[in-house]
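Some notes on the structure that comes next.
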Amino acid sequence: MLVIGVVAAVGRPQAIGALQFSTSGIVQIAAIPLLGPVGAAIIAVLPVIADRNELVKRVFNLSQRVTYILIGSLVYEAAGGVILGPASPIRPEALGVQMGLAAAAAGMVNGALLAVVIQLSSAGSLRAIIADLVPQVVSSYSSYAIAAYLLVVLWAFAGLGLASAVLFLPAILVIQWGLHTHATEWATRHALLTPFVEALDLRHPGAAEEARLVTGAASAVATGMGMGSAEVDEIATAARLRDVGMLALDGSPPAIVRRDHPEAAAQVVGSVTFLREPLDLIAAHHERVDGLGHPHGLRGAAIPLGGRVLAVADTWGHHVTEGGSPADAVAHCERMVGQSLDEYCVAALRRALERDQLPRRGVV
Numbered sequence: 001m002l003v004i005g006v007v008a009a010v011g012r013p014q015a016i017g018a019l020q021f022s023t024s025g026i027v028q029i030a031a032i033p034l035l036g037p038v039g040a041a042i043i044a045v046l047p048v049i050a051d052r053n054e055l056v057k058r059v060f061n062l063s064q065r066v067t068y069i070l071i072g073s074l075v076y077e078a079a080g081g082v083i084l085g086p087a088s089p090i091r092p093e094a095l096g097v098q099m100g101l102a103a104a105a106a107g108m109v110n111g112a113l114l115a116v117v118i119q120l121s122s123a124g125s126l127r128a129i130i131a132d133l134v135p136q137v138v139s140s141y142s143s144y145a146i147a148a149y150l151l152v153v154l155w156a157f158a159g160l161g162l163a164s165a166v167l168f169l170p171a172i173l174v175i176q177w178g179l180h181t182h183a184t185e186w187a188t189r190h191a192l193l194t195p196f197v198e199a200l201d202l203r204h205p206g207a208a209e210e211a212r213l214v215t216g217a218a219s220a221v222a223t224g225m226g227m228g229s230a231e232v233d234e235i236a237t238a239a240r241l242r243d244v245g246m247l248a249l250d251g252s253p254p255a256i257v258r259r260d261h262p263e264a265a266a267q268v269v270g271s272v273t274f275l276r277e278p279l280d281l282i283a284a285h286h287e288r289v290d291g292l293g294h295p296h297g298l299r300g301a302a303i304p305l306g307g308r309v310l311a312v313a314d315t316w317g318h319h320v321t322e323g324g325s326p327a328d329a330v331a332h333c334e335r336m337v338g339q340s341l342d343e344y345c346v347a348a349l350r351r352a353l354e355r356d357q358l359p360r361r362g363v364v
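Under UniProt numbering, the first residue of the sequence shown is numbered 1, with each subsequent residue one higher.
This is the structure we're talking about:
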């Protein structure tokens, strides 16, 4: 287990959108039934020892990891779990439940501790931050628990002992490579969008800053409405590129630009295959819930949810860019409910404001 733990510790967490994934979490959860609380805590702090952060951060990270692993271990034992050895008599179903509970407890504590740090740095509502952050962290730990369960079954139930480490080590390396590749691909894709935003900013000064504001607001609203990370990423991408169609209409009368730029975006970035879904949202971001929008006059639920989110974020971002405060911009959006904007999306915008999750003008 120590060898696997060291290999997992060397691999850095990979950021894919707003989430981070790490093979170290898999080994930490597996160590709870295989090594007990103390051994699992040692495995958990290996990445901190290998880290080069400043001392204060390392001490916090070490304390954080020990805390959530020890609590996860206590929950495992309270659920009837015991420390396992090769060929230990166990019931796979019971073990799965025990490890699942341990992973959920560890994830909840980890999420709560992270929420406290975010609250202290942002002065937002701790309850609101916990409500948003903990489910995301617990979801990651649920995935860790599944892989960890397989390792434990090989080690203890199948009686392979150390041989399971030999079998599982290549899997850890492959998972790390896969996460790194996926994260790199995600980052590369989004880097490809930057020239389009910069080109738009050259033609329309201030467009890049407004795109940043709208993207941040759209992400906060979508996340607050419980959308998954893939949906949030699509909406954020659409928010960033929502006005790129103006490049195809350069020189056209302003009224034509305002009317046609949502669909004209396809002329600029339509050949980029991973933008197909975001382009659908861009095309809908000037539709209105009362049916008086364009280009198709869609009404209410006929407008894609992502398009309704984008419309709210676009309205908010434009108001802030024009000099309004974030709070005034939210109030402006609330006055548009039932006309151009969806009430549920605007309510999510209000929650994001109260939780200090909306971006600020000039603050990157």
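Cβ atoms here follow ideal geometry from the backbone N, Cα and C, with glycine treated the same way. Here the structure is a predicted model, which is why all the values come from computation and not from measurement.
Contact check for VAL269 against VAL244 passes: the beta carbons are separated by less than 9 Å. Looking at ILE43, GLY323, VAL59, ASP280, the one whose alpha-carbon comes closest to that of GLU263 is ASP280. Across the set LEU120, ALA283, ARG276, MET108, the C-alpha of MET108 shows the shortest separation from the C-alpha of TYR141. If you compare the alpha carbons of VAL153, MET336, LEU275 with that of GLY85, the shortest gap goes to VAL153. Per the DSSP secondary-structure output, LEU341 pairs in a beta bridge with VAL337.
Three or more beta-carbon pairs separated by less than 8 Å link the segment 209 to 222 to the segment 316 to 325, which places the two stretches in contact.
Put simply, the backbone Cα of ASP233 is about 35 Å away from that of ILE42.
For ARG91, the secondary structure class from DSSP, reduced to helix, strand or coil, is coil. Three or more pairs of CB atoms, one per stretch, sit closer than 8 Å, so the segment 28 to 35 contacts the segment 93 to 106. The C-alpha of PRO135 lies about 8 Å from the C-alpha of GLY111. Put simply, of GLU198, LEU126, LEU35 the residue whose alpha carbon is nearest the alpha carbon of ILE83 is LEU35. Burial is judged here by how many other beta carbons sit within 10 angstroms of a residue's own beta carbon; ALA352 has at least 16 and is buried.
Going by DSSP, ASP314 is part of the alpha helix (DSSP H) stretching over 305 to 321. Around the beta carbon of GLU198, a 10 Å sphere encloses fewer than 16 other beta carbons of the protein chains shown; the residue is thus reported as exposed. By DSSP's assignment, ASP290 forms a beta bridge with ARG299. Here DSSP, grouped into helix, strand and coil, assigns ARG58 to helix. Of the other Cβ atoms in all chains shown, fewer than 16 fall within 10 Å of the Cβ of HIS296; this residue is therefore exposed. According to the DSSP assignment, ALA283 belongs to the alpha helix (DSSP H) that extends over 276 to 284. Assigned with DSSP and collapsed to three states, ARG355 falls in coil, not helix or strand.
The beta carbon of ASP290 sits closer than 6 Å to the beta carbons of GLN339 from its chain, once the five residues preceding and following it are set aside; these are given in chain order. Unbroken alpha helix (DSSP H) runs of no fewer than 4 residues, entirely contained in the segment 216 to 247, are found at 229 to 241, following chain order. Annotation for PRO37: LEU70, SER73 place their beta carbon closer than 6 Å to its own, counting only its chain and skipping 5 residues before and after.
Going by DSSP, VAL257 is part of the alpha helix (DSSP H) stretching over 254 to 269. For ARG127, the three-state secondary structure derived from DSSP is helix.
If you draw a straight line from the Cα of ASP201 to the Cα of ALA207, it comes to about 5 Å. A Cβ-Cβ contact shorter than 9 Å links LEU349 with ALA313. Residue environment: PRO89 is assigned as exposed (fewer than 16 neighbouring CB atoms within 10 Å of its CB, all protein chains considered).
In the three-state reduction of the DSSP assignment, GLY80 falls in the coil class.
Contact annotation, GLY25 with TYR149: C-beta distance approximately 13 Å; criterion of less than 8 Å not satisfied. GLN267 and SER139 have their alpha carbons spaced roughly 38 Å apart. Sixteen is the threshold: when 16 or more other Cβ atoms of the shown chains lie within 10 Å of the Cβ of VAL48, as they do, the residue is buried. Annotated as distal: ALA284 and ALA265, with beta-carbon spacing of 9 Å or more. DSSP, reduced to helix, strand and coil, places HIS332 within a helical segment of the structure shown. In the assembly as shown, GLU287 is a buried residue. Its beta-carbon has 16 or more other beta-carbons within 10 Å. Put simply, the backbone Cα of ALA78 is about 35 Å away from that of MET225.
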